[in-house]
Amino acid sequence: MRIGLVVNPFAGLGGAVGLKGTDGPGTVTEALRRGAQAKAGARARLALSRLADRVPGAEIILAAGSLGEDWARGLDLDTVITPGSNLTGTARDTKAAVRAMGALDVIVFAGGDGTARDVASVAEGAALLGIPCGVKMHSGVFAVSPQSAGAMMADLTASPDRITWADDAEVMDIDEEALRRGILAPRLYGYARVPVSCTLMQAAKGGPRQDAASALSSAARGIVDGMEDRTLYIIGPGTSAGSVMRAAGHTATPLGVDALLNRKRVAQDADDAALCALAEGRDVRVVLGVTGQQGFLLGRGNQQIGPALIAKAGRDGLIILATEDKLTSLAHPRLLIDTGDPDLDAELTGFVRVATGANREMMMRIASG
Amino acid sequence: MTRIPEFRAAKWNEPVVMEMGRPGARGQLFPTPEDEVNEAVGTDLIPGGMARKDRPELPEITEFEAQRHYLHLSQMTLGMMGISLFGTCTMKYNSKTAEYATLRPELAEVHPYQHPDTLQGVLEIIHDFDSILRSLSGMDQFIFQAGGGADAAYTMTAVARAYWQDRGMLGQRTEMVTSVQAHPCNPATAAAAGFKVVNLPLEENGYPSLDALKAAVSEKTALIMINNPDDMGIYNPEIKEWVKVAKEAGALCFYDHANFNGVMGKLSARELGFDACMFMLHKTFGAPKAGGGPAVGAYGCTDALAPYLPCPVVVKEGDRYILDEDRPKSAGKVREFWGNVPQVVKAYAWSRAMGADGIELASDISVVANNYMDKKLGEIPGLEISNPSLDIHRMEMTRWSLGPLTEETGVSTVDFANRMADYGIDPYWMSHEPWIVAEPFTPEAGELWSKEDIDTWIGVIAQIAEEARTDPDMVKTAPHNQAIAQVRGDAFEDPARWAMTWRAYQRKIRGASKAEDVA
Numbered sequence: 001m002r003i004g005l006v007v008n009p010f011a012g013l014g015g016a017v018g019l020k021g022t023d024g025p026g027t028v029t030e031a032l033r034r035g036a037q038a039k040a041g042a043r044a045r046l047a048l049s050r051l052a053d054r055v056p057g058a059e060i061i062l063a064a065g066s067l068g069e070d071w072a073r074g075l076d077l078d079t080v081i082t083p084g085s086n087l088t089g090t091a092r093d094t095k096a097a098v099r100a101m102g103a104l105d106v107i108v109f110a111g112g113d114g115t116a117r118d119v120a121s122v123a124e125g126a127a128l129l130g131i132p133c134g135v136k137m138h139s140g141v142f143a144v145s146p147q148s149a150g151a152m153m154a155d156l157t158a159s160p161d162r163i164t165w166a167d168d169a170e171v172m173d174i175d176e177e178a179l180r181r182g183i184l185a186p187r188l189y190g191y192a193r194v195p196v197s198c199t200l201m202q203a204a205k206g207g208p209r210q211d212a213a214s215a216l217s218s219a220a221r222g223i224v225d226g227m228e229d230r231t232l233y234i235i236g237p238g239t240s241a242g243s244v245m246r247a248a249g250h251t252a253t254p255l256g257v258d259a260l261l262n263r264k265r266v267a268q269d270a271d272d273a274a275l276c277a278l279a280e281g282r283d284v285r286v287v288l289g290v291t292g293q294q295g296f297l298l299g300r301g302n303q304q305i306g307p308a309l310i311a312k313a314g315r316d317g318l319i320i321l322a323t324e325d326k327l328t329s330l331a332h333p334r335l336l337i338d339t340g341d342p343d344l345d346a347e348l349t350g351f352v353r354v355a356t357g358a359n360r361e362m363m364m365r366i367a368s369g
Numbered sequence: 001m002t003r004i005p006e007f008r009a010a011k012w013n014e015p016v017v018m019e020m021g022r023p024g025a026r027g028q029l030f031p032t033p034e035d036e037v038n039e040a041v042g043t044d045l046i047p048g049g050m051a052r053k054d055r056p057e058l059p060e061i062t063e064f065e066a067q068r069h070y071l072h073l074s075q076m077t078l079g080m081m082g083i084s085l086f087g088t089c090t091m092k093y094n095s096k097t098a099e100y101a102t103l104r105p106e107l108a109e110v111h112p113y114q115h116p117d118t119l120q121g122v123l124e125i126i127h128d129f130d131s132i133l134r135s136l137s138g139m140d141q142f143i144f145q146a147g148g149g150a151d152a153a154y155t156m157t158a159v160a161r162a163y164w165q166d167r168g169m170l171g172q173r174t175e176m177v178t179s180v181q182a183h184p185c186n187p188a189t190a191a192a193a194g195f196k197v198v199n200l201p202l203e204e205n206g207y208p209s210l211d212a213l214k215a216a217v218s219e220k221t222a223l224i225m226i227n228n229p230d231d232m233g234i235y236n237p238e239i240k241e242w243v244k245v246a247k248e249a250g251a252l253c254f255y256d257h258a259n260f261n262g263v264m265g266k267l268s269a270r271e272l273g274f275d276a277c278m279f280m281l282h283k284t285f286g287a288p289k290a291g292g293g294p295a296v297g298a299y300g301c302t303d304a305l306a307p308y309l310p311c312p313v314v315v316k317e318g319d320r321y322i323l324d325e326d327r328p329k330s331a332g333k334v335r336e337f338w339g340n341v342p343q344v345v346k347a348y349a350w351s352r353a354m355g356a357d358g359i360e361l362a363s364d365i366s367v368v369a370n371n372y373m374d375k376k377l378g379e380i381p382g383l384e385i386s387n388p389s390l391d392i393h394r395m396e397m398t399r400w401s402l403g404p405l406t407e408e409t410g411v412s413t414v415d416f417a418n419r420m421a422d423y424g425i426d427p428y429w430m431s432h433e434p435w436i437v438a439e440p441f442t443p444e445a446g447e448l449w450s451k452e453d454i455d456t457w458i459g460v461i462a463q464i465a466e467e468a469r470t471d472p473d474m475v476k477t478a479p480h481n482q483a484i485a486q487v488r489g490d491a492f493e494d495p496a497r498w499a500m501t502w503r504a505y506q507r508k509i510r511g512a513s514k515a516e517d518v519a
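What follows is the structure in structure tokens.
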């Protein structure tokens, strides 16, 4: 298992001094001027310490200097340092460091959503594991703490039989310029492969488990079977919602929004205006997935479906798919919404049914995020 | 100072019994009948068409070889005779007195096809035990046909189906509402009976919310199936309101008493408003459990549901006990005859020995024992109780997590359980699915266990937690003192590698290895 680690030394600088993120050198300078302390390196060291404790002498590839090497000094690790280049204090540093490591199985990074996006753009199929350090962490690639990131690195190194892989972790980032103007506009940039550590089930009283993909496709078949004619079905981004497109015999747009009418595709990768035009004079249903860990239903990565469409569908018009595993492992037992319209958010608050398999649903509480 | 048990299991390279023995060896030699006997009854008692032509393929061994063989196997079971705080199973001692009662010929030699006039004694026991369970639940009729808890849950779904069909509403009442931590047999059996399953999540207080139930039930709800407390051990104080909400929607309400131990004698399902409930005689009532085989799920319901019960129902008419088969609205049988009668007799013996006061006291002891165990577990670093922020007592068990220890050491809950077997302590039960806490385990200290037993068990847990830190590889490769090392679970999901009979073994396992030899 080839594991590389890169630190974004500026990640998280803005949070403590009220800058809502640190994208771009101008913000970094401003954050440092306001007295911000860099903490990504120290958090990377916490993760590396856990790895060294668990698997002394573990092999790890590190970026040079403050991008990796500096944080592993004195730890019982077998490090390979890749040559660095002149630092620019921008995303280019992270990307160059990852590229210099060559082919990897897993890229561990210390940073936030911005770093996740940078790393994902050069990952070349490698899995991502985030050491949480950023101001914004909407992506589904982060461990819950630096220590648990270290524990995952230890499992990857010493107990690969504990690892399964998921290919549907959201890589999301907010446009920080817009955020500083008071507009929260997180975008879905793609999906990353992530390691998932799990313990093999005991066989005594348990049975074989249905895998996530077949649970979703069974649920999706049920949804397609129940579709009403002359009603517009808007299909949100993501693997879960996309399974409805596949069940209806179409390909899904992974990061975009599609629409079905009488089970035929009438829109592909559409924007809000196009969807609103299609919805004119019709009943609307919105098919959605749930983001991992955080449990966002609306307002993270699916802003193409605007408040007017959501209001038209109403809470009863939301058709939601997620596996029971995903729902029971959310940080809080809630589905979060952030439509951009506080009144609409309040209206949607309450319980919804989430399809989790064939003839199987889970009630979930919607709360505003 | 707690004494940590030291243990080393016997390890035999024991062949399977079919590969043992020698031609002509016999366990018993029967005398040849005397001529007078042959003359009186003849020598061709078995009709020619029924007599087998070939010799049966049976092992040829002596009686003491057979005993020795099974003694050896019994020494290599990886436990189940030690201290066993095996949660969700409510481990109880199965008394020898009750065992001997069921070996008496009055029970052991009767057959359900006998005329009921010759079965009055056993029918009386079934009838009287029905009365005991009525007084514990408030229900009007119990049956014992179901061969386990899941089978009793299935009985509920079958009864519900018959009930709604009788009203012409089965097409409308299509949904069953349950909770994500109710026993998995509830959603499974409801699905098997054709209902859509609607699950309620646990919320911050450790049990599903009333709001979730209100949102879930409707004119489509056929029934709700819940445990209280569920495996998290937290009693849902809103349960009466729950039943009221479900009833207002017209649904039937089923109380799965799988976790009855903490509330025995303290509450009545009927008083809480339920229409039906079930008890597991093989856990709560001291009868042995046996791998899903001879267990009993006692299913009880109100008079309103009784017409839909599987037949036969044991009823008393005057001084006689009869098997009532004439129930035209019956849901049909869920299993043959009247159930595992020896188990009913053992549960009856347990109940009579305990008495009403004894049952209630046992419940108190189990809750105290469990809370003592929880407190001691909480003192071991790396272990975490579920819902740690809730400062409320759990009842007869709760889910625990090894998550912090696993993160620190890499030792998982499976590794930990394997290591327990090295101390002659039965590995714990981990969790029903879904696993909602990391690296779960679910210990349950029932009324059987002494304080010394619980202290020994805790001592072993603390010792293994320490070993996880000092020598994680040793724990991960456990058991070391057992007859076999780690059981590989993957074979359980591969029918090609199962062999329940010698014939299947020869076909699947030997056939495969012969094919390999040729290749």
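First to last, the sequence lines map onto chains H and L. Here the first sequence stands for residues 1 to 369, numbered as in UniProt numbering. Here the second sequence stands for residues 1 to 519, numbered as in UniProt numbering. Glycine included, every Cβ here is placed at the ideal spot set by N, Cα and C. Every value quoted in this text rests on a predicted model; they were computed, and no experiment measured them.
The C-beta distance from L232(H) to R282(H) rounds to 5 Å, short enough to fall under 8 Å.
Annotation for E324(H): the continuous alpha helix (DSSP H) segment containing it runs 324–328. Spatial neighbours of A216(L) in its own chain (CB-CB distance under 7 Å, excluding positions within 5 residues in sequence) are listed in chain order as V177, V198, L200. Look at A152(L): its C-beta is not under 7 Å from any C-beta on chain H.
One finds R54, V55, A151, A154, D155, A158, S159, R162 in chain H with Cβ atoms closer than 9 Å to the Cβ of G410(L), taken in chain order.
The beta carbon of R246(H) does not come within 7 Å of any beta carbon belonging to chain L, so the residue lies off that interface. Taking 7 Å as the cut-off, the Cβ atoms of C133(H) and G111(H) count as close. Shown here, V196(H) sits in a strand according to DSSP, grouped into three states. Within the DSSP bridge table, the entry for Y299(L) names I143(L), M278(L) as partners. For G249(H), the closest of R221(H), L336(H), L330(H), G238(H) by C-alpha to C-alpha distance is R221(H). For R360(H), the nearest beta carbon of chain L is closer than 7 Å to its own beta carbon.
Counting along the chain, C253(L) sits inside the beta strand (DSSP E) bounded by residues 252–256. Between the segment 18–33 of chain L and the segment 59–74 of chain L there are three or more C-beta pairs closer than 8 Å, enough to call the two in contact. Of the candidates I126(L), T501(L), D494(L), L281(L), the residue whose Cα lies closest to the Cα of G148(L) is L281(L). G300(L) is positioned such that its CB atom lies closer than 7 Å to that of S137(L). For N199(L), a Cβ of chain H is located within less than 7 Å of the residue's own Cβ. Residues of the segment 295–329 of chain H with a Cβ closer than 8 Å to any Cβ of chain L, in chain order: E324, D325, L327, T328, S329. As summarised for the segment 37–83 of chain L, the continuous alpha helix (DSSP H) elements at least 4 residues long and confined to that stretch are 63–74, given in chain order.
Secondary structure at P310(L): coil, using DSSP grouped into helix, strand and coil. The Cβ-Cβ distance between W429(L) and F86(L) falls below 7 Å.
One Cα belongs to A222(L), the other to W242(L), and the distance between them is close to 15 Å.
Each residue's CA atom was taken as its position, placing S218(L) and G250(L) some 8 Å apart.
Contact check between the segment 373–382 of chain L and the segment 343–363 of chain L: fewer than three CB pairs, one atom from each, fall below 8 Å, which does not count as touching. Scanning the segment 129–180 of chain H from its first residue to its last, the whole beta strand (DSSP E) runs of 3-plus residues come out as 163–174. DSSP places T413(L) within a helical segment (H, G or I) once states are collapsed to three. Restricting attention to S159(H), G12(H), E361(H), the CA atom closest to the CA of D473(L) is found in S159(H). Nearest C-alpha to N86(H) among R73(H), S66(H), D70(H), V80(H): S66(H). The continuous alpha helix (DSSP H) containing I223(H) extends over residues 212–225. Contact annotation: the segment 351–365 of chain H touches the segment 310–329 of chain H, with at least three C-beta pairs closer than 8 Å. Judged by DSSP secondary structure, D166(L) falls within the alpha helix (DSSP H) whose first and last residues are 149–166. With its beta carbon at least 7 Å from every one in chain H, A421(L) lies outside the interface. Scanning its chain for C-beta atoms nearer than 6 Å, with the 5 sequence neighbours on each side dropped, one finds around G82(L) the residues G424, I425, D426, in chain order. In the DSSP assignment, F492(L) falls outside any beta strand (DSSP E), carrying neither H nor E. Between A97(H) and V6(H), the C-beta gap is smaller than 7 Å, which places the two residues in contact.
Judged by their CB atoms, P195(H) and I163(H) are nearer to each other than the 7 Å cut-off. Distance between L252(L) and A160(L), taken at the CA atoms: about 7 Å.
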